[in-house]
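Beneath this line is the structure, given in structure tokens, with notes to follow.
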Amino acid sequence: MNRKAVIIGAGFGGLAAAAELARAAWDVTVLEAHIYPGGCAGTFYHQGYTFEAGATLAGGFLPGGPMDMIGEHFDIDWQARPDPLAMQVHLPEHETINRWSNADKWHDERKHKLGGQGEPFWEWQERTADALWAFALQLPHWPPQTLSDYQSLIRSGMEWIWTPTHVRNSRKPRTMVADGFRSVAAHLPARADKLRLFVDAQLLIASQTTSQFANALYGAVALDLPRQGVVHLEGGIGSMASKLVEKIEQYGGVVHMRHEVIRVIHKPPDATEVHTKHNAAFTADIVIFNLPPWNIVSLVQGAIPTKLRKLPTQPQDSWGAFMLYLGVDESVIPSDLPLHHQVITREPLGEGNSVFISLSPAWDKRRAPKSRRALTVSTHTKLSPWWLLFEGDPQGYEARKATYQAHLLSAVEHAIPGAQGALDLIMPATPITFQRFTRRAWGWVGGFPQTSLFRPWGPRLTRDLWMVGDSIFPGQSVPAVMLGGLRTAAALLTENASSTAIH
């Protein structure tokens with residue numbers, strides 16, 4: 001008899017796990033509270049515009065890269081349009097740096113703008129990332145959670161980690177092991193302030209922390225996404241989620257939208273019941289949560305898995321986002337303007353001092369009304385101040401929102417002169433907005449800061465309860481959460497095969 005799996009949440013991690021299990025002939029049901037799939041990387045429609053809810057930069061599509069391999073694995077044509085310029089970064093004093101996808105152009109750009117003293121750093125970053133992408137695509141069991149995980153890890157990768165191909169003839173064959181226990185800053189040259197600021201800003205959007213704290217191995221991969229092939233997709237990143245839904249259904253799985261789960265109950269000896277807001281109930285052998293840990297705690301009734309019992313009340317050092325969804329007249333947008341911008345005004349980063357701007361392509365007529373373009377703007381922000389004001393000082397909350405809106409509009413004007421006077425839609429979103437529409441507790445986004453190899457969780461909560469998404473290894477970004485979802489499905493298929501063999 002085929003095993004039954006219920007996946008709660010149609011983010012990219014859950015969709016990848018569901019597709020893999022359905023492909024293996026499991027009885028798969030996906031339950032999503034919203035009206036569209038993709039979670040924080042989905043899209044939504046408002047007043048003629050289609051906006052990307054959170055994630056706006058689609059990376060990892062280089063031939064042989066993670067998204068290319070996942071597409072090939074599921075026989076999906078992402079219909080992606082490559083962009084040779086991943087983003088334009090605006091440093092203080094009106095200096096810009098172009099992050100080219102082409103290796104030679106990026107080498108020339110960084111050497112000219114950031115100085116030759118940074119070349120050893122970029123050489124380390126690129127060769128380390130190349131090696132780690134190859135390893136991640138093998139779906140290693142990390143962090144190991146069972147004896148079987150440790151055995152598999154030893155078989156598939158420990159020797160590889162200690163002597164990867166690119167350093168076997170090096171004078172430092174164990175550099176990657178050392179990098180597992182130090183930060184990105186260990187590789188940055190001293191007194192290279194501009195280089196450090198640039199790296200810190202890039203790390204913040206890709207690993208939720210800066211070079212002083214970002215684990216070196218994670219950081220090398222986080223800095224590599226522009227080099228792994230940035231693309232644009234008609235209809236936005238959420239169009240990929242729709243393709244995954246189609247594939248799940250093609251494999252025989254079922255995806256239910258507008259099915260908000262309100263409780264998960266274990267029914268001895270081996271079944272689990274999942275109940276939705278509208279009184280539907282689904283029985284499963286395995287439940288996979290595509291949710292943050294804080295959401296899972298609120299759903300599980302009965303014995304709470306050990307790791308979940310240790311959660312603090314609120315994420316401690318993690319981020320939310322303040323965002324603006326804007327509609328702009330395309331007449332103010334130069335035809336050669338890059339579609340992604342990062343504007344850095346000063347330190348500390350976040351809280352309006354580092355702003356990411358994404359513009360819908362002119363050719364994508366699904367994204368905006370005629371002669372208009374969709375513009376999505378975001379900055380990292382701490383969660384607690386927003387909630388304290390929202391719950392105790394509504395006027396202060398609105399004032400803070402207005403201040404942040406002004407900061408972000410100023411950044412937009414810096415990257416796109418004339419934009420502020422050409423807007424017909426301004427829609428702000430705070431962490432409270434994110435909780436309301438994405439259901440993520442506290443409006444927490446981006447996963448845990450990648451400060452340690454052991455910071456992300458493993459997917460197993462109990463024998464029957466599992467999780468995917470940006471909280472588990474290998475962390476945030478669409479390629480990462482999809483790899484995490486595939487890795488979780490692979491572990492379940494392996495365990496099921498072993499269990500069947502034993503019985």
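Numbered according to my numbering, the sequence shown spans residues 1 to 503. Where is the CB? At the ideal position from N, CA and C, for every residue including glycine. Quick caveat, the model's predicted, so the values are computed rather than measured.
{"Asked": "Environment of P173 [buried if 16+ CB atoms lie within 10 Å]", "Found": "Interpretation of P173 is limited by its pLDDT of 40, a score under 50 that renders its predicted location unreliable; the figure taken from the coordinates is listed afterwards. With fewer than 16 other Cβ atoms within 10 Å, it is exposed."}
{"Asked": "Nearest residue (CA-CA) to F61, options W444, A441, G219 and M240", "Found": "M240"}
{"Asked": "Pick from R3, G13, I7 and A5 that is closest to L483, judged by C-alpha positions", "Found": "G13"}
{"Asked": "Simplified DSSP state of I70, which is helix, strand or coil", "Found": "helix"}
{"Asked": "Unbroken beta strand (DSSP E) run spanning W466, endpoints", "Found": "L465 to M467"}
{"Asked": "Cβ-based neighbour list, E234, same chain, cut-off 7 Å, excluding 5 preceding and 5 following", "Found": "Q79, D364 and R366"}
{"Asked": "The beta strand (DSSP E) enclosing A58, as first and last residue numbers", "Found": "That residue, A58, is in no beta strand (DSSP E); it is neither H nor E in DSSP."}
{"Asked": "Beta-bridge partners of A17, as assigned by DSSP", "Found": "Paired residues: none, contrary to the question."}
{"Asked": "Terminal residues of the alpha helix (DSSP H) in which M257 lies", "Found": "No alpha helix (DSSP H) contains M257, which DSSP labels as neither H nor E."}
{"Asked": "Buried versus exposed, by CB contacts within 10 Å (16 or more), A5", "Found": "buried"}
{"Asked": "Option in H380, R455, S452 and P417 with minimal Cα separation from F434", "Found": "H380"}
{"Asked": "Cβ pair V287, T306 closer than 7 Å", "Found": "no"}
{"Asked": "Contiguous alpha helix (DSSP H) assignments of at least 4 residues, all confined to the stretch 98-140", "Found": "103-114 and 119-136"}
{"Asked": "Stretch pair the stretch 186-196 + the stretch 224-231: three plus CB contacts closer than 8 Å", "Found": "no"}
{"Asked": "Sequence-distant residues of its chain with Cβ nearer than 7 Å to F44 (five each side left out)", "Found": "Y36, F51 and A53"}
{"Asked": "Contact set for E109: own chain, Cβ-Cβ below 7 Å, skip 5 residues either direction", "Found": "I97, N98 and W100"}
{"Asked": "L349 and L359 closer than 7 Å at C-beta", "Found": "no"}
{"Asked": "Reduced DSSP category for L349 - H, G, I as helix; E, B as strand; rest coil", "Found": "coil"}
{"Asked": "Three-state class that DSSP yields for D27 in the structure shown", "Found": "strand"}
{"Asked": "Assigned exposure category for N290 - 16 Cβ within 10 Å defines buried", "Found": "buried"}
{"Asked": "Beta carbon of A222 nearer than 7 Å to that of A201", "Found": "no"}
{"Asked": "Same chain, Cβ closer than 7 Å to L453, neighbours up to 5 away in sequence not counted", "Found": "G180, N215 and L217"}
{"Asked": "Buried versus exposed, by CB contacts within 10 Å (16 or more), H47", "Found": "The question names His, but residue 47 in the sequence shown is Gln. Counting Cβ neighbours within 10 Å, Q47 comes out exposed, since fewer than 16 surround it."}
{"Asked": "Three-way DSSP call (helix, strand, coil) for A281 in this model", "Found": "strand"}
{"Asked": "Three-pair Cβ contact test at 8 Å for the stretch 80-91 versus the stretch 333-345", "Found": "yes"}
{"Asked": "Residue interval of the beta strand (DSSP E) (run including K4)", "Found": "K4 to I8"}
{"Asked": "Contacts around L188, its chain only, beta-carbon distance under 7 Å, and the 5 residues preceding and following it disregarded", "Found": "F121, L195, R196, V199 and S211"}
{"Asked": "Whole-angstrom C-beta distance between Y49 and A368, which should lie under 8 Å", "Found": "5 Å"}
{"Asked": "Alpha-carbon spacing of S384 relative to A16, whole angstroms", "Found": "32 Å"}
{"Asked": "The stretch 237-253 in contact with the stretch 421-434 per 3-pair CB rule at 8 Å", "Found": "no"}
{"Asked": "Proximity below 7 Å, CB of A520 to CB of I237", "Found": "Nothing can be reported for residue 520: it is not among the residues displayed for the chain, which extend from 1 to 503."}
{"Asked": "Selection from L21, A186, A406 and K277 that minimises the alpha carbon distance to L492", "Found": "L21"}
{"Asked": "Exposure of D393, with buried meaning 16 or more beta-carbon neighbours within 10 Å", "Found": "exposed"}
{"Asked": "Beta-carbon spacing of I248, A18 below 7 Å", "Found": "yes"}
{"Asked": "For G38, the nearest candidate out of R23, L244 and P456 (CA to CA)", "Found": "L244"}
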